[in-house]
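Report on one structure; see the data block that follows.
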Amino acid sequence: MTLFEDPAYASRMLTLLTLSFHIIYATIGVGVPLMIMIAQWIGIKNNDNHYLLMARRWAKGFVVTVAVGVVTGTIIGLQLSLLWPSFMELAGNIIAMPLFMEVFAFFFEAIFLGIYLYTWDRFDNPKKHLLLLIPVAAGGGMSAYFITVVNSFMNSPAGFDIIGGDLVNANPVLAMFTVSMPTKVAHVLSTAYMTIAFMFAAIAAFRLLQKKNQEYHKKSLHMAMKIGLIFAIATALIGDLSGKYLAEYQPEKLAAAEWHFETSTEAPLVMWGVLDENNEANYALHIPYALSILAHGFPSSEVTGLEEFPAEEQPPLVIHYFFDTMVTIGMFMIALSLLYWFGMRRKWAFVEKTWYRWLIVAGGPLSFLAIEAGWWMAEVGRQPWILRGLMTIEEAATTSDYVGWMFVLFAILYLILGVGTVVVLTYMFRKNPVEKDLERMQGGDES
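So that you can map any letter, position 33 of the sequence shown is 448 in the numbering used here, and since no number is skipped, the others follow by simple counting.
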């Protein structure tokens, strides 16, 4: 008995499950070190124990997520070989280098994180302790870079020749600098920093709604919302460049994401809606000229339609909803954080109202949903290719009939890891509330 009749489909579902779960911890691994570094820098600069405590508490919680990230990251490496053996046989000698470098970057981050935690209050000059966060943050950024390089290679393969069906003359260094790499890496980093800032803002807003330590959480909220706004705007600007990359190098993905079937000028951006049998988008929001501007920068630009590509090479149209989810949440978070920033500067009362703080609370999980939707669009939108233009999903996948059972077992594992993370973090911070940690800091207790 098999859960999925098609091993290739089962492999896709298991990979989707693993990546969707891992991206949560990967985003935390990239974004949290920067937030810790900023909080500690402000605390040292202003001699403010609240910001120093933020850095300490966030670092303690970060260790838990790093441990889980090790497990899920290792699983991804194993699944590449088990689920996609033909792909690894073809391209393994190319992607082995960035995968190895990603592991090196992670250990680089983890080693300095351990030193950072162990040496808290052991430096006469706290600025020296702050410097330990530079390699932690750099390690997180490098880890994101190297793993994104692999994804970039799959979308725009380069750095080799194909002779007789074999990949030869491989140059892993050139393969790490493909045409899609700059926008992909920049987008991954900016969205990670944005998401983690809004995650901390959501936590602070929730604690303020519970009337917990007002001063500490107000400072946390104010800092996180400002950082979130900066990276939300950066993400939007990089997203515009990503749209232009797609229009030039993967026009079929952009056309499918926008339900743009016929090549035309002055193309509108289609948001949401429902397709009918004639490929007409009903109940959709059409933004005039916006797709032409996104694709080429001018309202009159011509945008290639999906009809220009063979049916078997067209991505699934469901990616339209992934794109819309990502964009809608991104615009919402820009508006929410921009209003907060203006409101605090101009002392508008509504930004401290209960309903507005609940919107900020919602912004945390919504930001993670936007990250997930972005990756779903990137991966599903590459279909039917695993290595664009060279190898399809069907050609790359395992033929094993047991992938479906692996899906069940890994789903149980991820459920245990996810629930365990929440339970451990909840216990850790309930046992050591902000008030108790502040007393320890003011009393000189290093525990």
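Built from N, CA and C at the ideal position, the CB exists for glycine as well. Please read all numbers here as calculations on a predicted model, not as lab measurements.
Stretch pair the stretch 559 to 566 + the stretch 592 to 604: three plus CB contacts closer than 8 Å:
These segments touch.
For residue 653 and residue 829, what's the separation of their Cα atoms in angstroms?
Looking at the backbone, the Cα of residue 653 and that of residue 829 are separated by about 32 Å.
State the beta-bridge partners of residue 701 as determined by DSSP.
BP columns for residue 701 point to 685.
Local conformation of residue 773 per DSSP, three classes:
Residue 773 falls in the helix class under three-state DSSP.
According to DSSP, simplified to helix, strand and coil, what is residue 728?
The answer is helix: DSSP assigns residue 728 an H, G or I state.
Given this structure, state the Cα-to-Cα distance separating residue 425 from residue 676, to the nearest angstrom.
Taking the straight line joining both Cα atoms gives about 30 Å.
Does the count of Cβ pairs from the stretch 802 to 819 and the stretch 423 to 441 closer than 8 Å reach three?
A contact is defined here as three or more CB-CB pairs under 8 Å, and the stretch 802 to 819 meets this definition with respect to the stretch 423 to 441.
Verify whether the separation of the beta carbon atoms of residue 475 and residue 532 is less than 9 Å.
It is a contact, given that the beta carbons lie within the stated cut-off.
Mind checking which residues open and close the beta strand (DSSP E) that includes residue 800?
Under the DSSP assignment, residue 800 falls in the beta strand (DSSP E) whose first and last residues are 800 to 802.
Which residues in the same chain have their Cβ closer than 8 Å to the Cβ of residue 745, if we skip the five residues on either side of it in sequence?
Answer for residue 745: 647, 650, 651, 654, 785, listed in chain order.
To the nearest angstrom, how far is it from the Cα of residue 776 to the Cα of residue 753?
Rounded to the nearest angstrom, the gap between the Cα atoms of residue 776 and residue 753 is 16 Å.
Compute the Euclidean distance between the alpha carbons of residue 545 and residue 466, then round it to the nearest angstrom.
So the two alpha carbons sit approximately 13 Å from each other.
Inter-residue Cα distance where the pair is residue 441 and residue 712:
Near 33 Å, if we compare the C-alpha coordinates of residue 712 and residue 441.
Nearest to residue 557 by CA position, among 812, 504, 603, is which residue?
603 is the residue among 812, 504, 603 whose C-alpha sits nearest the C-alpha of residue 557.
Taking all protein chains shown into account, decide if residue 827 is buried (16 or more other Cβ within 10 angstroms of its Cβ) or exposed.
Counting the other CB atoms within 10 Å of its CB gives residue 827 a total below 16, which places it among the exposed residues.
Should residue 792 and residue 615 be called a contact, given that it needs their Cβ atoms to be closer than 9 Å?
For the 9 Å CB-CB criterion, residue 792 and residue 615 do not form a contact.
Where does residue 716 sit, in a helix, a strand or coil, going by DSSP?
If DSSP states are grouped into helix, strand and coil, residue 716 belongs with coil.
Opposing strand residues paired with residue 583 [DSSP bridges]
According to DSSP, residue pairing for residue 583 in a beta bridge involves 576.
Contact between the stretch 478 to 490 and the stretch 829 to 846: three or more CB pairs below 8 Å?
Yes, the stretch 478 to 490 touches the stretch 829 to 846.
Residue 679 in three-state terms, based on DSSP
Taken through DSSP and simplified to helix, strand or coil, residue 679 comes out as strand.
Beta-carbon separation of residue 796 and residue 572 under 9 Å?
9 Å or more divides the Cβ of residue 796 from the Cβ of residue 572.
Hey, is the stretch 655 to 665 in contact with the stretch 637 to 646, meaning 3+ C-beta pairs nearer than 8 Å?
Counting C-beta pairs closer than 8 Å gives fewer than three between the stretch 655 to 665 and the stretch 637 to 646, which falls short of the contact rule.
Are residue 682 and residue 716 close, meaning C-beta to C-beta below 9 Å?
Their beta carbons are under 9 Å apart, which means residue 682 touches residue 716 by this criterion.
Opposing strand residues paired with residue 696 [DSSP bridges]:
As computed with DSSP, residue 696 is found in a beta bridge with 690.
Per DSSP, the bridge partner or partners of residue 807
Answer is 800, bridged to residue 807.
Simplified DSSP assignment, three categories, for residue 861:
Model confidence at residue 861 stands at a pLDDT of 47, short of 50, so the residue's coordinates are unreliable and nothing is read from them.
With DSSP run on the structure shown, which of helix, strand or coil describes residue 817?
Looking at residue 817 - three-state DSSP - the assignment turns out to be coil, as it is neither helix nor strand.
Measuring straight from C-alpha to C-alpha, what distance separates residue 526 and residue 607?
If you draw a straight line from the Cα of residue 526 to the Cα of residue 607, it is about 21 Å long.
Residue 846 classed as buried or exposed, judged by whether at least 16 other C-beta atoms fall within 10 angstroms
Exposed, since its Cβ has fewer than 16 Cβ neighbours within 10 Å.
Could you tell me which of 540, 583, 530, 439 sits nearest to residue 865, measuring between CA atoms?
It is not possible to answer for residue 865, since the shown part of the chain is limited to 416 through 862.
Which complete alpha helix (DSSP H) runs does the stretch 508 to 596 hold, if anything under 4 residues is left out?
List check, alpha helix (DSSP H) in window: 541 to 546, 548 to 570, 587 to 590.
Just to confirm before moving on: does the CB-CB distance between residue 369 and residue 764 stay below 9 Å?
Look at the range of the chain in this structure, 416 to 862, and you will see that residue 369 is not part of it.
Beta-carbon proximity of residue 574 to residue 551, cut-off 9 Å
Taking 9 Å as the Cβ cut-off, residue 574 and residue 551 do not qualify as a contacting pair.
With a floor of 4 residues, list each alpha helix (DSSP H) that falls wholly inside the stretch 433 to 504, ordered by position along the chain.
Correct list: 464 to 498.
Does the stretch 504 to 514 come close enough to the stretch 576 to 588 that 3 or more CB-CB pairs lie under 8 Å?
Short answer: they touch.
Residue 670 - containing alpha helix (DSSP H), residue span:
Going by DSSP, residue 670 is part of the alpha helix (DSSP H) stretching over 666 to 672.
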